[in-house]
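This report concerns only the one structure given below.
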Amino acid sequence: MSNQELSKIFSEIALYLEMEEVPFKPQAYEKAAMALSSLSEEIEEIYKKGGIRAVENISGVGKSIAEKIEEYLKTGKVKYHEHYKKKMPIKIGELVAIEGIGPKMVRDLYKFLKIKNIKELEKAAKTGKIRALPNFGEKTEQNILESIKFLKRSEGRFLLGEILPRVKEIEEALRSLKEIEELSVAGSVRRKKETIGDVDFLVVTKKPKEVMDFFISLPGVVKIWGKGITKSSVRMRGGFDVDLRAVPKKSYGSALQYFTGSKEHNIQTRLIAIEKGFKLNEYGVFKGKKMVAGHSEKEVYELLGLSWIEPELRENRGELEAAKKGKLPKIIGYNDIKGDLHCHSKWDGGANPIKEIVGAAQKMGYEYIGISDHTKFLRIEHGLDEKKLLLQGKEIERINSRLKNQGSKFQVLHGCEANILEDGKLDIKDEVLEKLDYVIAGIHSLFKITEYQMTERIIRAMKNPNVDIISHPTGRILKRRDEYKIDFDRILKVAKETSTVLEINSCPERLDLNDINVKKAKEAGVKMVINTDSHHIDQLRFIEFGIAQARRGWAEKKDIINTNSLPKMLKLLK
Ligand code: DGT
Ligand code: CA
Ligand code: CA
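Start counting the sequence shown at 825; every next residue gets the next number (the numbering used here).
See below:
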């Protein structure tokens, strides 16, 4: 868990430094924060094995930050961070989580109104105190109130991307127990929903007491809500809850079906059972008093005249009707992706040079990787201009010829993520875009325009013959901001007409397109691509979340262009 705690400390330091308008340093701390939060290995382990040297070797971590990591591992604190917290005792992470509030605004809110947290901010906004501040105004005050409202709606839910690695740790620990005969995660985690309320586990065991004792004393348990023979609940470090239920072996399938949900799917399934003269509950399927199925999920569904349904589909969005007719989609599998087309490199401020990204992509088992750095409009992201893009092309050519000489079939594609400006034009000249293997275009500014304007803006970009892919098409950020206002049906129509591919961005806070929009795109015959938008090689593993979202949206291999080998994938681009 230190990875996340340290990451938080460094991003807070970055924010404090930004408030003081210190140049360059904030980016260094942000980069370190990102590196730590995406590391797949615990920092303690890295330090234990290789000392401060190994810590310094993490890309994105320099010497002075490595020293602070060492200080934290030894003392549990970073003095530099404590110094700032004392100087300005505010809930900085909480405040900047509000869409539209940056560190300098936080500084002024504290300076003029002594605002330390969201609650105080909300009160000040409601009483009209914000609009009176220099550089704020009535519009900002209104936006702040709207953002707080949005934030409250997602309170108490966690990103799948934050939770899943922890769930896997717990699962592994439980699997090591020989008393456990069967084990599965259930609930929204099993359905891979984008946000998670709590984690549900099911086990079959002859020794429930031992299993429950083990469960409530897992490392990371901070509170025990309840402990019994059939169910225990705990709070984990990080603030989320985990339920563990022990069920009889003969009921395992029906219990798993019940506790996987969703509730809406279950209600519908139960109605189907009743129609067929059965009773379905978490203990089994019953004909009168006689239990007729329950050991496996498959037999439960089959008895009801349904084929087994992938958990990601269980949202009562037509999957039961499809299962009845034997017409469920054959959704894309977790190993079907052959390359990631949205990776940022050191060229635009990402953590890794291209050759490291290539190595990591090869380890993922990919056949190709696409480098698509930001272009010049995004100065804070060190966006590349025409000249730099062409230079980058030369480096990619060199890497490709080296790969070829080594007898490797792996290929690096040269793309970019251009910005769609206010009028729908791009921030890079078409003569240069033409030279790239592919072009992604995305909105990174001016989110609050009318639906008509935003739709026209994206449509104009899609009509550019050089634009192959639209990145994160709806702009939502989970727990932060809603989609921007767009006419998605019109976007789909033009995407289809122009053969523009829509991205499913795998970043845990984006997952954009979301499941519902994926399904709409599929139904409209629009092709999609699952990308990570990684700024660090450890983020390549986020692809799992994008695939999960695609599966929840009923996407099949044929709907996703990067399930294809390179020549075929390239043919699907403009
Ligand atoms: P979450 O935790 O909010 O992310 O969502 P879930 O789906 O994990 O919901 P949770 O943890 O409350 O319950 C786990 C599953 O148990 C849920 O997906 C379906 C089932 N379940 C819970 N309450 C009910 C209920 O009142 N009726 C029915 N039919 N099923 C329920
Ligand atoms: Ca749950
Ligand atoms: Ca639960």
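The beta carbon of each residue, even a glycine, is placed where N, CA and C say it ideally should be.
What runs of the beta strand (DSSP E), each 3 residues or longer, lie entirely inside the segment 1236-1321? Counting only runs of 3 or more residues that sit fully inside the segment 1236-1321, the beta strand (DSSP E) segments are 1264-1266, in chain order.
Would you say Ala1379 and Ile1155 are within 8 Å of each other, going by their C-beta atoms? Taking the first residue of the sequence shown as 1, we reach residue 1379 at position 555. Taking the first residue of the sequence shown as 1, we reach residue 1155 at position 331. Yes, Cβ-Cβ distance for Ala1379 and Ile1155 is below 8 Å.
Can you grab the Cα-Cα spacing for the pair Val1028 / Asn1159, in whole Å? Walking along the sequence shown from the start, residue 1028 turns up at place 204. Walking along the sequence shown from the start, residue 1159 turns up at place 335. So the alpha carbons of these two residues sit roughly 29 Å apart.
I'd like the ranges of any beta strand (DSSP E) spanning at least 3 consecutive residues and lying wholly in the segment 1037-1081. 1045-1051, 1055-1060 and 1065-1070
Residues sharing a beta bridge with Gly1192, DSSP: As a position in the sequence shown, residue 1192 is number 368, starting the count at 1. Checking the sequence shown, residue 1192 turns out to be Tyr, not Gly. According to DSSP, which records beta bridges pairwise, Tyr1192 is partnered with Gly1163 and Gln1235.
Exercise answer, beta-carbon shell around ligand 3 heavy atoms below 6 Å: Gly1011, Asp1022, Asp1024 and Asp1067
Quick one: what's got a C-beta closer than 7 Å to Lys1170's C-beta in the same chain, skipping five residues either side? Residue mapping note: residue 1170 aligns to position 346 of the sequence shown, counting from 1. Taking C-beta separations shorter than 7 Å and ignoring five residues to either side along the sequence, the partners of Lys1170 in its chain run Asn1176 and Pro1177, following chain order.
Under 8 Å between C-beta atoms of Leu839 and Val920: Residue mapping note: residue 839 aligns to position 15 of the sequence shown, counting from 1. Residue mapping note: residue 920 aligns to position 96 of the sequence shown, counting from 1. Yes, they are a contact pair.
Tell me the DSSP secondary structure of Ala1379 in three-state form. Working through the sequence shown from its first residue, we reach residue 1379 at position 555. Here Ala1379 sits in coil by DSSP.
Neighbour flag for Lys1381 against chain D, beta carbons, 8 Å: Of the protein chains in the structure, only one exists, and it is not chain D.
Quick check on the burial criterion: 16 or more other C-beta atoms within 10 angstroms. Buried or exposed for Pro989? As a position in the sequence shown, residue 989 is number 165, starting the count at 1. Classification of Pro989: exposed, given that the 10 Å Cβ count is below 16.
Quick one: Cα of Glu1099 to Cα of Lys1122, how far? The residue given as residue 1099 occupies position 275 in the sequence shown. The residue given as residue 1122 occupies position 298 in the sequence shown. Between the alpha carbons of Glu1099 and Lys1122 lies a distance of about 19 Å.
May I ask you to list the residues that DSSP assigns as paired with Glu1006? As a working note, residue 1006 is residue 182 in the sequence shown. Beta-bridge pairing links Glu1006 to Val1028.
Hey, Ala856 and Val879 are a contact pair by Cβ (cut 8 Å); roughly how many whole angstroms apart? For the purposes of this step, residue 856 is taken as the residue at position 32 of the sequence shown. For the purposes of this step, residue 879 is taken as the residue at position 55 of the sequence shown. Actually they are not in contact, since the Cβ atoms of Ala856 and Val879 sit about 10 Å apart, beyond 8 Å.
If you draw a straight line from the alpha carbon of Arg1375 to that of Glu891, how long is it in whole angstroms? Position 551 of the sequence shown holds residue 1375. Position 67 of the sequence shown holds residue 891. If you take the alpha carbons of Arg1375 and Glu891, they lie about 43 Å apart.
Determine, using beta-carbon pairs with one atom in the segment 1089-1108 and one in the segment 1016-1033, whether at least three such pairs fall under 8 Å. no
Cα-Cα, which of Thr1298, Phe982 and Met1036 is closest to Asp1313? For the purposes of this step, residue 1313 is taken as the residue at position 489 of the sequence shown. Among Thr1298, Phe982 and Met1036, the Cα nearest to that of Asp1313 is on Thr1298.
Check whether the Cβ of Lys1016 sits closer than 7 Å to any heavy atom of ligand 1, and report yes or no. In the sequence shown, the residue the question calls residue 1016 occupies position 192. Every heavy atom of ligand 1 is 7 Å or more from the Cβ of Lys1016, so no.
When you compare only the Cα positions, how much space is there between Pro1032 and Leu1026? The residue you call residue 1032 lines up with position 208 of the sequence shown. The residue you call residue 1026 lines up with position 202 of the sequence shown. One C-alpha to the other measures close to 11 Å.
Confirm the yes/no value for this check: CB of Thr951, any heavy atom of ligand 1, distance under 7 Å. Here the question's residue 951 lines up with position 127 in the sequence shown. Checking the Cβ of Thr951 against ligand 1 gives no.
Between the segment 1080-1095 and the segment 1127-1144, are three or more C-beta pairs nearer than 8 Å? yes
For ligand 1, is there a heavy atom less than 7 Å away from the beta-carbon of Ser1086? Position 262 of the sequence shown, counted from the start, is the residue given in the question as residue 1086. Because some heavy atom of ligand 1 lies under 7 Å away, the Cβ of Ser1086 counts as near it: yes.
Note down, one range per segment and in chain order, each alpha helix (DSSP H) of at least 4 residues found wholly within the segment 941-1003. 942-950, 961-977 and 984-999
Within the present structure, is the beta-carbon of Asn1402 separated from the nearest heavy atom of ligand 1 by less than 7 Å? Residue 1402 is absent from the structure shown; the chain starts at 825 and stops at 1398.
At the level of alpha carbons, what is the spacing between Val1182 and Glu844? Mapped onto the sequence shown, residue 1182 falls at position 358. Mapped onto the sequence shown, residue 844 falls at position 20. If you take the alpha carbons of Val1182 and Glu844, they lie about 37 Å apart.
When you compare the CB positions of Arg1300 and Asp1336, do they come within less than 8 Å of one another, or not? Taking the first residue of the sequence shown as position 1, residue 1300 is located at position 476. Taking the first residue of the sequence shown as position 1, residue 1336 is located at position 512. Yes, Cβ-Cβ distance for Arg1300 and Asp1336 is below 8 Å.
Entirely enclosed alpha helix (DSSP H) segments - the segment 1097-1168, minimum 4 residues: 1121-1127 and 1143-1148
Would DSSP call His1206 helix, strand or coil? One-based indexing of the sequence shown puts residue 1206 at position 382. If DSSP states are grouped into helix, strand and coil, His1206 belongs with coil.
DSSP-derived helix/strand/coil call for Ser862: Counting from 1 along the sequence shown, the entry for residue 862 is found at position 38. Reduced to three states, the DSSP call for Ser862 is helix.
C-beta atoms of Asp1311 and Thr1279 nearer than 8 Å: The residue given as residue 1311 occupies position 487 in the sequence shown. The residue given as residue 1279 occupies position 455 in the sequence shown. Contact annotation: Asp1311 and Thr1279 have beta-carbon atoms nearer than 8 Å.
So what does Asn1355 bridge to, in DSSP terms? The sequence position of residue 1355 within the sequence shown is 531, counting from 1. Asn1329, per the DSSP bridge assignment.
Quick check: the Cα distance between Tyr945 and Ile837, rounded to an integer number of angstroms? Within the sequence shown, numbered from 1, the residue matching residue 945 stands at position 121. Within the sequence shown, numbered from 1, the residue matching residue 837 stands at position 13. Checking the sequence, you will find Leu at residue 945 rather than Tyr. Looking at the backbone, the Cα of Leu945 and that of Ile837 are separated by about 21 Å.
Residue of Lys1392, Phe1201 and Asn1338 minimising C-alpha distance to Phe1369: Counting from 1 along the sequence shown, the entry for residue 1369 is found at position 545. Checked all of Lys1392, Phe1201 and Asn1338; the closest Cα to Phe1369 is Asn1338.
How would you write the range of the alpha helix (DSSP H) that Met1393 sits in, first residue to last? Working through the sequence shown from its first residue, we reach residue 1393 at position 569. First-last of the alpha helix (DSSP H) with Met1393: Leu1390 to Lys1395.
Out of curiosity, what's the CA-to-CA distance linking Glu1145 and Thr1199? Within the sequence shown, residue 1145 is the residue found at index 321, counting from 1. Within the sequence shown, residue 1199 is the residue found at index 375, counting from 1. Taking the straight line from one Cα to the other gives about 46 Å.
From His1119 to Asp1306, what does the alpha carbon distance come to, in whole angstroms? Stepping through the sequence shown from its first residue, residue 1119 is reached at position 295. Stepping through the sequence shown from its first residue, residue 1306 is reached at position 482. Cα to Cα, His1119 sits roughly 42 Å from Asp1306.
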